[in-house]
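Working notes, beginning with the structure itself.
Numbering (the working numbering), first residue to last: 2 to 193.
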(Lines of atoms letter the chains of each structure in order from A and count residues from 1; the text may use other names and numbers.)
(Lines give C-alpha, C1' and ligand atoms only; values in the text may rest on other atoms or scores of the structure.)
Protein backbone atom coordinates (compact mmCIF):
# COMPACT_ATOMS: atom_id res chain seq x y z
CA UNK A 1 0.00 0.00 0.00
CA UNK A 2 1.28 3.47 -0.83
CA UNK A 3 2.06 6.19 1.65
CA UNK A 4 -0.72 8.51 0.52
CA UNK A 5 -4.06 8.16 2.24
CA UNK A 6 -7.20 10.24 2.58
CA UNK A 7 -5.93 11.33 6.01
CA UNK A 8 -3.31 13.52 4.29
CA UNK A 9 -5.87 15.82 2.69
CA UNK A 10 -7.05 19.19 4.02
CA UNK A 11 -10.69 18.14 3.85
CA UNK A 12 -10.09 15.39 6.41
CA UNK A 13 -7.69 17.23 8.72
CA UNK A 14 -9.21 20.72 8.84
CA UNK A 15 -12.48 21.74 10.47
CA UNK A 16 -15.42 22.03 8.07
CA UNK A 17 -15.39 25.29 6.11
CA UNK A 18 -11.68 25.93 6.74
CA UNK A 19 -9.27 26.05 3.79
CA UNK A 20 -5.51 26.51 3.50
CA UNK A 21 -4.73 29.84 1.85
CA UNK A 22 -1.00 30.38 2.26
CA UNK A 23 2.40 29.55 3.67
CA UNK A 24 5.03 31.88 5.12
CA UNK A 25 8.42 30.30 4.46
CA UNK A 26 10.19 32.76 6.79
CA UNK A 27 8.24 31.66 9.85
CA UNK A 28 7.32 28.17 8.62
CA UNK A 29 3.61 28.68 9.25
CA UNK A 30 0.57 27.73 7.19
CA UNK A 31 -2.39 30.15 7.03
CA UNK A 32 -6.05 29.16 6.81
CA UNK A 33 -9.31 31.07 6.18
CA UNK A 34 -12.68 30.28 7.73
CA UNK A 35 -16.05 30.63 5.95
CA UNK A 36 -16.66 33.96 7.61
CA UNK A 37 -13.32 35.32 6.30
CA UNK A 38 -11.28 35.24 9.51
CA UNK A 39 -7.64 34.30 9.15
CA UNK A 40 -5.98 31.55 11.23
CA UNK A 41 -2.39 30.35 11.48
CA UNK A 42 -0.99 26.93 12.26
CA UNK A 43 1.81 25.97 14.60
CA UNK A 44 5.33 26.84 13.47
CA UNK A 45 6.88 24.04 11.42
CA UNK A 46 3.72 21.94 11.34
CA UNK A 47 1.40 21.45 8.40
CA UNK A 48 -1.52 20.63 10.71
CA UNK A 49 -2.04 21.23 14.38
CA UNK A 50 -3.65 23.77 16.69
CA UNK A 51 -4.92 26.84 14.85
CA UNK A 52 -4.64 30.34 16.33
CA UNK A 53 -6.70 33.30 15.14
CA UNK A 54 -4.70 36.09 13.52
CA UNK A 55 -5.77 39.74 13.55
CA UNK A 56 -3.10 41.11 11.19
CA UNK A 57 -1.69 38.72 8.65
CA UNK A 58 1.96 39.04 7.56
CA UNK A 59 0.97 37.94 4.05
CA UNK A 60 -1.51 39.37 1.62
CA UNK A 61 -4.41 37.00 1.12
CA UNK A 62 -6.95 37.58 -1.63
CA UNK A 63 -10.57 37.19 -0.55
CA UNK A 64 -11.63 35.82 -3.94
CA UNK A 65 -11.45 32.09 -4.30
CA UNK A 66 -9.39 30.51 -7.06
CA UNK A 67 -12.55 29.02 -8.58
CA UNK A 68 -13.96 32.53 -9.18
CA UNK A 69 -10.74 33.58 -10.91
CA UNK A 70 -10.72 30.48 -13.09
CA UNK A 71 -14.37 30.93 -14.06
CA UNK A 72 -13.64 34.56 -14.92
CA UNK A 73 -10.96 33.59 -17.47
CA UNK A 74 -13.00 30.67 -18.81
CA UNK A 75 -11.29 27.70 -17.18
CA UNK A 76 -13.69 25.22 -15.63
CA UNK A 77 -12.38 22.35 -13.56
CA UNK A 78 -14.17 19.08 -13.08
CA UNK A 79 -15.18 17.59 -9.75
CA UNK A 80 -12.28 15.14 -9.88
CA UNK A 81 -9.76 18.01 -9.96
CA UNK A 82 -8.91 17.81 -13.68
CA UNK A 83 -8.19 21.18 -15.25
CA UNK A 84 -7.88 21.41 -19.05
CA UNK A 85 -4.71 22.77 -20.61
CA UNK A 86 -4.51 26.48 -21.23
CA UNK A 87 -5.63 27.69 -24.65
CA UNK A 88 -4.91 30.95 -26.41
CA UNK A 89 -7.36 33.30 -28.12
CA UNK A 90 -7.45 31.09 -31.24
CA UNK A 91 -8.44 28.05 -29.21
CA UNK A 92 -5.17 26.17 -29.73
CA UNK A 93 -3.39 24.64 -26.77
CA UNK A 94 -0.26 26.30 -25.49
CA UNK A 95 2.39 23.86 -24.45
CA UNK A 96 5.65 24.83 -22.89
CA UNK A 97 8.57 22.55 -23.41
CA UNK A 98 10.78 22.05 -20.43
CA UNK A 99 14.30 22.18 -21.82
CA UNK A 100 16.00 22.63 -18.47
CA UNK A 101 17.34 19.07 -18.50
CA UNK A 102 19.02 19.71 -21.85
CA UNK A 103 20.41 23.01 -20.63
CA UNK A 104 21.97 21.27 -17.67
CA UNK A 105 23.44 18.47 -19.79
CA UNK A 106 24.76 20.69 -22.61
CA UNK A 107 28.09 21.62 -20.91
CA UNK A 108 28.72 17.95 -20.14
CA UNK A 109 28.18 16.94 -23.78
CA UNK A 110 30.39 19.80 -24.96
CA UNK A 111 33.21 18.66 -22.68
CA UNK A 112 32.84 15.08 -23.91
CA UNK A 113 32.91 16.28 -27.53
CA UNK A 114 36.06 18.36 -26.95
CA UNK A 115 37.82 15.44 -25.26
CA UNK A 116 36.88 13.11 -28.12
CA UNK A 117 38.16 15.63 -30.67
CA UNK A 118 41.44 15.93 -28.78
CA UNK A 119 41.83 12.16 -28.63
CA UNK A 120 41.06 11.91 -32.36
CA UNK A 121 43.62 14.61 -33.09
CA UNK A 122 46.22 12.87 -30.96
CA UNK A 123 45.66 9.51 -32.65
CA UNK A 124 45.55 10.94 -36.17
CA UNK A 125 48.20 13.60 -35.84
CA UNK A 126 50.02 14.98 -38.86
CA UNK A 127 53.40 13.58 -37.82
CA UNK A 128 54.56 10.65 -39.92
CA UNK A 129 53.67 7.30 -38.42
CA UNK A 130 57.13 5.90 -39.17
CA UNK A 131 60.06 8.30 -38.89
CA UNK A 132 62.70 8.18 -41.63
CA UNK A 133 65.10 5.31 -41.10
CA UNK A 134 68.64 6.12 -40.16
CA UNK A 135 71.11 4.80 -42.69
CA UNK A 136 74.81 4.32 -41.99
CA UNK A 137 76.73 4.41 -45.18
CA UNK A 138 80.10 2.60 -45.48
CA UNK A 139 83.33 4.34 -46.37
CA UNK A 140 83.22 7.65 -48.16
CA UNK A 141 79.64 7.23 -49.41
CA UNK A 142 76.87 9.57 -48.29
CA UNK A 143 73.11 9.32 -47.59
CA UNK A 144 70.73 10.50 -50.30
CA UNK A 145 66.92 10.73 -50.02
CA UNK A 146 65.12 9.61 -53.16
CA UNK A 147 63.04 12.34 -54.77
CA UNK A 148 60.05 11.80 -57.03
CA UNK A 149 61.17 10.77 -60.50
CA UNK A 150 64.64 9.57 -59.45
CA UNK A 151 65.95 6.39 -61.12
CA UNK A 152 69.11 4.40 -60.54
CA UNK A 153 70.36 5.47 -63.99
CA UNK A 154 69.86 9.21 -63.19
CA UNK A 155 71.62 8.82 -59.82
CA UNK A 156 74.58 6.98 -61.38
CA UNK A 157 74.92 9.63 -64.10
CA UNK A 158 74.80 12.50 -61.56
CA UNK A 159 77.40 10.85 -59.29
CA UNK A 160 79.68 9.62 -62.06
CA UNK A 161 79.46 5.95 -61.11
CA UNK A 162 77.82 2.79 -62.40
CA UNK A 163 74.49 1.24 -61.33
CA UNK A 164 76.46 -1.74 -59.97
CA UNK A 165 78.39 0.60 -57.60
CA UNK A 166 75.06 1.87 -56.17
CA UNK A 167 73.73 -1.68 -55.77
CA UNK A 168 76.96 -2.81 -54.05
CA UNK A 169 76.60 -0.01 -51.46
CA UNK A 170 72.89 -0.81 -50.91
CA UNK A 171 72.39 -4.56 -50.53
CA UNK A 172 68.90 -5.65 -51.65
CA UNK A 173 68.11 -2.35 -53.46
CA UNK A 174 65.66 -2.82 -56.31
CA UNK A 175 66.01 -0.05 -58.85
CA UNK A 176 62.48 -0.70 -60.16
CA UNK A 177 60.92 -0.01 -56.72
CA UNK A 178 62.45 3.28 -55.53
CA UNK A 179 60.11 5.28 -53.24
CA UNK A 180 60.25 9.03 -52.60
CA UNK A 181 61.82 9.61 -49.17
CA UNK A 182 63.74 6.32 -49.23
CA UNK A 183 67.33 6.66 -47.98
CA UNK A 184 70.12 5.15 -50.11
CA UNK A 185 73.88 5.34 -49.97
CA UNK A 186 75.61 6.90 -52.98
CA UNK A 187 79.31 7.36 -53.67
CA UNK A 188 80.57 10.92 -53.44
CA UNK A 189 80.47 12.90 -56.68
CA UNK A 190 83.52 12.35 -58.75
CA UNK A 191 85.36 15.60 -59.21
CA UNK A 192 86.05 16.27 -62.88
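Backbone N, C-alpha and C fix where the C-beta goes; we use that ideal spot for every residue, glycine too.
> Could you give the residue range of the alpha helix (DSSP H) that holds residue 122?
Replying inline: 101-124
>> Looking only at its chain, what residues have a beta carbon closer than 8 angstroms to the beta carbon of residue 41, apart from the 5 residues adjacent to it on each side?
In response: 19, 32, 33, 34, 35, 52, 53, 54, 55
>> For residue 149, which residues in the same chain have their Cβ closer than 8 angstroms to its Cβ, ignoring the five residues on either side in sequence?
In response: 181
> When the distance is taken between beta carbons, is residue 46 closer than 8 angstroms to residue 29?
Replying inline: yes
> Out of curiosity, what's the CA-to-CA distance linking residue 118 and residue 110?
Replying inline: 12 angstroms
> Since residue 156 is in the alpha helix (DSSP H), which residue starts that stretch and which ends it?
Replying inline: 153-160
>> Do residue 144 and residue 176 count as a contact pair if the criterion is CB distance below 8 angstroms?
In response: no
>> My output table needs one value for residue 168: the three-state DSSP class, helix, strand or coil.
In response: helix
>> Below 8 angstroms on the Cβ atoms is my contact criterion, and I expect residue 179 with residue 151 to pass it. Report the Cβ-Cβ distance as a whole number of Å.
In response: 6 angstroms
> Among 44, 50, 189, 173, which residue has its Cα nearest to the Cα of residue 15?
Replying inline: 50
> Which whole-angstrom value is the C-beta distance of residue 166 and residue 188, which I expect to be below 8 angstroms?
Replying inline: 6 angstroms
>> Here's a check: name, in chain order, each residue in its chain whose Cβ is nearer than 8 angstroms to the Cβ of residue 183, leaving out the five neighbours to either side.
In response: 146, 147
> Exposed or buried, which one is residue 156 when buried takes at least 16 other CB atoms within 10 Å?
Replying inline: buried
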